[in-house]
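Worksheet: the structure to be examined is printed underneath.
2 protein chains.
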Amino acid sequence: MARVPVAQRRWQLIEATIALLSREGVGAASIRRISEEADVPLGLVHYCFASKQELIAETIRQLNTENTTAARAALSVPADAGTDLRSALTAAFRAYWSLVERSPRRQLLTYELNAYALRDKELAPIAEQAHRELLTNVRVLLDEIATATGRQWTVPLDDVARLVVTVTGGATLNWLNDRDSTAALTTANLVVGALDALAT
Amino acid sequence: MARVPVAQRRWQLIEATIALLSREGVGAASIRRISEEADVPLGLVHYCFASKQELIAETIRQLNTENTTAARAALSVPADAGTDLRSALTAAFRAYWSLVERSPRRQLLTYELNAYALRDKELAPIAEQAHRELLTNVRVLLDEIATATGRQWTVPLDDVARLVVTVTGGATLNWLNDRDSTAALTTANLVVGALDALAT
DNA sequence: TCGTGACTTGAACACTCGTCCAAGTCAAGG
DNA sequence: CCTTGACTTGGACGAGTGTTCAAGTCACGA
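Respectively, the protein sequence lines represent chains R and W.
The numbering of the first sequence is the working numbering, which starts it at 6 and goes up by one.
The numbering of the second sequence is the working numbering, which starts it at 6 and goes up by one.
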C-alpha cells in the first residue's frame, strides 16, 4: 500500500464512509466495512482516527460541508435569473430539488446521521451547529433574493428562513417516502405563493 | 416466568422495543437488550418472532398506529373549538405540538425507524403505507375543519394536506435539532396565514 | 549512508450479535 | 390421572464488533 500522509488518508476514509453509508445506511458503519470500502487494511483506520466515534463525527461534518457546498453551487446561478420574487424562489427551489433527486440515498443518509448525532451527547453539538449554519445560509439567500428582486420581507428574515428550511426539509422527507416529484413541486409552488405574500 | 399467550408476549416485546429504542435509538435494537427491557429470557423473543426483522417490522407498525391514535385523540377536541379557519388550524397545530414536546425521543425514533425502513426492501412498504395513511388522515382533518368553519379550499385538498404534512414534519425535525418552540409556533402562524389564503 | 520517525500490516483480544435447539414446565382436555 | 401441546429456559454456535499492538516497511533529513 502506497505511503500517504495521514491527512489524506483521513479524507479517503471519510469519503469511503459517506459512500458506504449512502448505499447501505448507518447500520453498515463498521470499521471493517469501511476499511474494505476504502480498500485499506483494518489497522490503518485506527491509525488515522482515535476511535470509530471520531471517524463518524468527521464524516458528519464532511457530509454537511459537502451538502452546503453543493447547494451553494446549485443556487448561485438561478439567483439572478428571475427579476420577480416568485420566479427567483421557484428557480432556487428547482435548483435544490435537482440535487435531492440526483442523490436520494445521500439525502436519506443526511437524515440518518442527523438522528444518529442527536442521540449521542458528543455528536449532538455537530448536528445543532449544522442546523444553525443551514438557517444562516438560507437567511443570506433569502436576503439576496429579496434585494435582487427589489422586494422587502414584511416579517423577520429569521422567520422566513425558518419557514423555508421547514418546508424544504419536510418536502425532502416526504419525497424519500413516496418519490412523488410532482407533488413536491406543487407544494413548492404553494409555498412560493405564500412567501410572495410575505414581501412588499 | 408466568405462562402467557404468545399474542400478549408479542405485544409486551413490541412495547419494550419502543421504550428501549425511544430511549437509546435504533442502534440499541438487539434481541438481548430487548429481552432485558421486557424482563424476559432471551429465547422467548425468537419463540414469539421468527426473526429480529419481524419484531422490528411489527414495532414500526405499532409505533405508527400509536402515533396516529394519539394524534387523533389530541385533535378531536379542538376541531370544533374555533369558528374561524385560522383559529381552528392554530388549535390543531397546538394540539399536535403538545404531543411532540411531550415525547421528543419518541418523535426522533419515528424518524429513525422511517429511515431504517426505507433502507430495507422488506420494510420499505411499511414506511410508504404509513406515509400514505398520514396524508389521508390529514386530508380528512382538513376537510372537517373547512366544513366546520364554513370555508372551502381553493386548491385540491391533496395539495393542502401535503403542505401541512410537509410543514409539520419539517417543523418537528427542526425542533428536534434546536428545541426552539417559539420559532416553531411562529412558523406555524405563518403557515396558518398561508392556508387561510388558500380557502374561500 | 544511516537512522529516525511516519506510515503500514494483520493477528489477537474480549465482547456482542442473531439464531438455534434440546430440555424443562405447566395448564387444559380426554 | 395422564397426555398433549403451548410456552419457557439458558446454553451453544459461528460470525461480526471496536480496539490494541508488536512488528514490518520505506521515504527523507542529517
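For glycine and all other residues, C-beta sits at the position ideal for the given N, C-alpha and C.
C-beta atoms of residue i and residue j nearer than 8 Å
| i | j | result |
| --- | --- | --- |
| W/A76 | W/L94 | no |
| R/T171 | W/V172 | yes |
| R/L195 | W/L90 | no |
| R/I131 | R/R28 | no |
| R/E117 | R/G174 | no |
| R/N182 | W/E133 | yes |
| W/V123 | W/V165 | Reading off the sequence, residue 123 of chain W comes out as Leu, not Val. Not in contact: W/L123 and W/V165 (Cβ atoms no closer than 8 Å). |
| R/Q58 | R/E127 | yes |
| R/L162 | R/D148 | yes |
| R/T154 | R/T88 | yes |
| W/W102 | W/A189 | yes |
Residue i - partner residues in DSSP beta bridges
| i | result |
| --- | --- |
| R/A204 | R/W158 |
Contact list for residue i against chain W, beta-carbon separation under 8 Å
| i | result |
| --- | --- |
| R/R167 | N179, A188, T191, T192 |
| R/V160 | L195 |
| R/D183 | E133, H136, R137 |
For residue j and residue i, believed in contact at Cβ under 8 Å, the rounded distance
| i | j | result |
| --- | --- | --- |
| W/L60 | W/V50 | 7 Å |
| R/A120 | W/L113 | 6 Å |
| W/L47 | W/R37 | 6 Å |
| W/A193 | W/A176 | 7 Å |
| R/R156 | R/A204 | 4 Å |
| R/R15 | R/E63 | 7 Å |
| R/L68 | R/T115 | 6 Å |
| W/A7 | W/A43 | Their Cβ separation, rounded to whole angstroms, is 13 Å, which puts W/A7 and W/A43 out of contact at 8 Å. |
| R/A96 | R/A79 | 10 Å between Cβ atoms; not a contact. |
Chain W residues whose Cβ lies nearer than 7 Å to that of residue i
| i | result |
| --- | --- |
| R/T171 | V172, G175, A176, N179, T192 |
Proximal residues of chain R, C-beta to C-beta of residue i below 8 Å
| i | result |
| --- | --- |
| W/D164 | A188, T191, T192, L195 |
| W/L47 | Within chain R, no residue comes near W/L47; the closest Cβ sits about 21 Å away, beyond 8 Å. |
Partners in chain R for residue i, counting only beta-carbon separations shorter than 7 Å
| i | result |
| --- | --- |
| W/N142 | Result: empty, since nearest Cβ-Cβ is about 14 Å, beyond 7 Å. |
| W/E117 | A120 |
Under 9 Å by beta carbon: chain R residues contacting residue i
| i | result |
| --- | --- |
| W/Y101 | Chain R residues near W/Y101: none, gap ~14 Å exceeds 9 Å. |
Chain-ordered chain W contacts of residue i [CB-CB under 9 Å]
| i | result |
| --- | --- |
| R/G30 | A120, Y121, L123, R124, D125 |
| R/L113 | A120, L123, R124 |
| R/A202 | G198, A199, A202 |
Cβ-heavy atom distance, residue i to the ligand ATP, below 7 Å
| i | result |
| --- | --- |
| R/G155 | With respect to small molecules bound, the structure shown includes none, and the ligand ATP cannot be examined in it. |
| query | Along the chain, which unbroken stretches of the alpha helix (DSSP H) at least 4 residues long are found entirely within the stretch 127 to 171 of chain R? | reply | 129 to 153
| Complete runs of the alpha helix (DSSP H) confined to the stretch 34 to 101 of chain R [at least 4 residues] | 36 to 42, 47 to 53, 57 to 81
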